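Participant: Can you keep this structure in mind? I'll have questions shortly.
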Amino acid sequence: MRSSEKLSRKNLWGYAFGAIPTGLLGFVFSFKYIEFFFDDLALLPSYFIIGQIIYMTINSLNDPLSGQLSDRTDRERWGSRRLIYIKYGGPIWALTFLLVWFPWSLTNQIIIFIHYVVTICLFDTMYTLVILLWLALLPEMSTDIDERNKAQFFATVLGTVVTLPVFVIIANIPPNSDQFRVIMFILAVISTVFILLTASMCEERPEFQSDKIFTLKESIIATFRSRAFLVYAGFYLCQNMLGSLGLSYFFVYLLLLESITPGLDIILLFFVIYFIIGYVGNIIAIRLQPKWGMRRIMLRFGIIRVIGSLVLLFLILMPALEWTIWYGLVLVTLASGYGIFHIPMQYLAIDEDEVLHGSRREGMFIGVMALLTRPGTSLGPIVATFILAAFGYVQGGDLAAQPASALLGIKILWLLVPAVVAAISLIFIYFYPLHDEALAEMQEKLEKLHEEKRAAYLSSGGSALESEEMDI
-3 MRSSEKLSRK NLWGYAFGAI PTGLLGFVFS FKYIEFFFDD LALLPSYFII GQIIYMTINS
57 LNDPLSGQLS DRTDRERWGS RRLIYIKYGG PIWALTFLLV WFPWSLTNQI IIFIHYVVTI
117 CLFDTMYTLV ILLWLALLPE MSTDIDERNK AQFFATVLGT VVTLPVFVII ANIPPNSDQF
177 RVIMFILAVI STVFILLTAS MCEERPEFQS DKIFTLKESI IATFRSRAFL VYAGFYLCQN
237 MLGSLGLSYF FVYLLLLESI TPGLDIILLF FVIYFIIGYV GNIIAIRLQP KWGMRRIMLR
297 FGIIRVIGSL VLLFLILMPA LEWTIWYGLV LVTLASGYGI FHIPMQYLAI DEDEVLHGSR
357 REGMFIGVMA LLTRPGTSLG PIVATFILAA FGYVQGGDLA AQPASALLGI KILWLLVPAV
417 VAAISLIFIY FYPLHDEALA EMQEKLEKLH EEKRAAYLSS GGSALESEEM DI
């Protein structure tokens, strides 16, 4: 690995700090917003679904626009293409996070619906601007796969260490309570601090700042010509749908676990499995990556995940074997460790595009990826709402209020639907072209191109400017 591709300690920590607001704002939002609007405020299922369709539309459009805005930003005028939006957009993002949790009405369905749509769309727009550009930083800072995986894993570890205690604390706190809102205010302040640290500690590679700037139309056409990009977009659409069916519906999964293992410290055990066992799966996947490669690991682990979910569903449909759910969750979570490669795999399509066109367009690629895949974050809740309504789930009701059919619906929502979606996602990964010899050849060309760019940058007097920026 060339020294120019190795991340400095400052850059590594700076990038990892970005995982803290991602967890505290992004994950907590996903964890609680459906419980808040669907369960606590009892928004009608029809209004909830309409809101998700509006959210899906806004969610899809704001990503490519944010990416294009960043890619076309004049670095000489503003000092950066990515960090400027993270620095100034981060505090606004934290503010939109707070707005979600202050209801405009507790009884009027129309006002609750308007509050629901306006605040989640505002939150998502700022989330997109900040997190999309945070993600775009890493592939510019290093093109080495091992360095990227290390940075992604380090960020995941740091984000988990900070986020796990928060999840355990707020899991049983109603979102529509003053106690919850005080905690959300504290999280917003902490997140703002770490966003500003990320903006100050990360550095954009100067040799990429003179890359050719493409129009929005040219950029979108280029992304749709990339087979690697399109195939991975299919996979990531499925992953977004899986993600929206995970923690967002913990409040209903909790009812099922309470019915199976009453008296157990369910919340603590669940999050230990979700984070710690998931972590172990990440480590195993990273250790196997040099031998198997990312694509092969994702296929093999993914098959175990699908089969494990279906077997677990079959077992817990029999009352005498419902207790096996905890062992099954450990296996399925461990097999999901390939999730550590979701972001690094996406970067490979961006690398290939740079080899073909000579310019890096992280912002646009990640933005168009979101245009195609973010609908999954709304498709999941839409499917879940239909299933819960069809099986008689009582909104806001405790375990005693739920009919047996509702618990069956929760089992289907938790295990069958994700197994089907995960199986579809593996079909896309099977056809992903950048692996083995093709990947090695692309990386060799990329390293050569970067050497040429760096030489051109230094010969134009960039070394003095770079030294000056590093001193600052």
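Its first residue numbered -3, the sequence shown is counted upward by one per residue in this note's numbering. For each residue, glycine too, the CB sits at the ideal point set by N, CA and C. Computed from a predicted structure; not experimentally measured.
#1: Assess contact between the region 5 to 25 and the region 350 to 362, defined as three or more Cβ pairs (one per stretch) separated by less than 8 Å. Is contact present?
#2: Which runs of the beta strand (DSSP E) spanning at least 3 residues fall entirely within the region 114 to 192, listed in chain order?
#3: Rounded to whole angstroms, what's the CA-CA distance from W119 to Y51? Just pull it up for me.
#4: Under 8 Å: do the region 303 to 320 and the region 429 to 436 share three or more Cβ pairs, one atom per stretch?
#5: Which two residues bound the contiguous alpha helix (DSSP H) that contains G392?
#6: Going by Cα to Cα distance, which pick from L384, K213 and F231 is closest to Q398?
#7: Buried or exposed: which applies to R78, given that a residue is buried once 16 or more other Cβ atoms fall within 10 Å of its Cβ?
#8: By the three-class DSSP mapping on this structure, what secondary structure does K2 have?
#9: For L461, is the classification buried or exposed, using 16 other Cβ atoms within 10 angstroms of its Cβ as the cut-off for buried?
#10: Run through DSSP, which three-state label would P258 get?
#11: Classify Y11: buried if its beta carbon has 16 or more other beta carbons within 10 angstroms, exposed otherwise.
#12: Cα-Cα, which of M137, S56, F23 and L327 is closest to T121?
#13: Please report how far the alpha carbon of A15 lies from the alpha carbon of A151, in whole angstroms.
#14: What does a CB cutoff of less than 7 Å around M237 pick up in its chain, not counting 5 residues either side in sequence?
#15: Relative to the C-alpha of L37, which candidate in E433, A147, Q391 and F220 has its C-alpha closest?
#16: On the DSSP letters alone, give me the boundaries of the alpha helix (DSSP H) that I80 sits inside.
#17: Under a Cβ-count criterion, where at least 16 other Cβ atoms within 10 Å of its own Cβ denotes burial, should A434 be classed as buried or exposed?
#18: In this structure, how does DSSP classify P399 when only helix, strand and coil are distinguished?
#19: Could you pull out every residue in the same chain whose Cβ sits closer than 7 Å to the Cβ of I127, ignoring the five residues on either side in sequence?
#20: From D35 to Y232, what distance separates their C-alpha atoms?
#21: Give the secondary structure of H111 by DSSP, where H, G and I count as helix, E and B as strand, and everything else as coil.
#22: Please determine if the region 274 to 293 and the region 336 to 351 are in contact, where contact requires at least 3 C-beta pairs separated by less than 8 Å.
#23: For G393, count the other beta carbons within 10 Å of its own beta carbon; 16 or more makes it buried, fewer makes it exposed. Which is it?
#24: Considering only their Cβ atoms, is the gap separating A331 from I300 smaller than 7 Å?
#25: Rounded to a whole number of angstroms, what is the C-alpha to C-alpha distance between V114 and L454?
#26: Just tell me which of I82, P414 and H111 has its CA closest to the CA of V302.
#27: Nearest-angstrom Cα distance between F247 and N278?
#28: Buried or exposed for E448, please, with buried defined as at least 16 other CB atoms from any protein chain shown within 10 angstroms of its CB.
#29: Since M290 is in the alpha helix (DSSP H), which residue starts that stretch and which ends it?
#30: If we count the other Cβ atoms within 10 Å of its Cβ and call it buried at 16 or more, is L344 buried or exposed?
#31: Is it right to say G298 is buried, meaning 16 or more other beta carbons lie within 10 angstroms of its own, or is it exposed?
Facilitator: So, to answer that:
#1: no
#2: none
#3: The question names Trp, yet the displayed sequence has Phe at residue 119. For F119 and Y51, the distance between alpha carbons rounds to 10 Å.
#4: no
#5: Run containing G392: none; DSSP gives neither H nor E here.
#6: L384
#7: buried
#8: coil
#9: Its pLDDT being 40, under 50, L461 is placed unreliably by the model, and the measurement read from it follows with that caveat. Answer is exposed; the Cβ neighbour count stays below 16.
#10: coil
#11: buried
#12: S56
#13: 6 Å
#14: G372, L375, G376 and V417
#15: Q391
#16: L79 to V96
#17: exposed
#18: coil
#19: T18 and G22
#20: 28 Å
#21: helix
#22: yes
#23: exposed
#24: yes
#25: 48 Å
#26: P414
#27: 26 Å
#28: exposed
#29: M290 to I312
#30: buried
#31: buried
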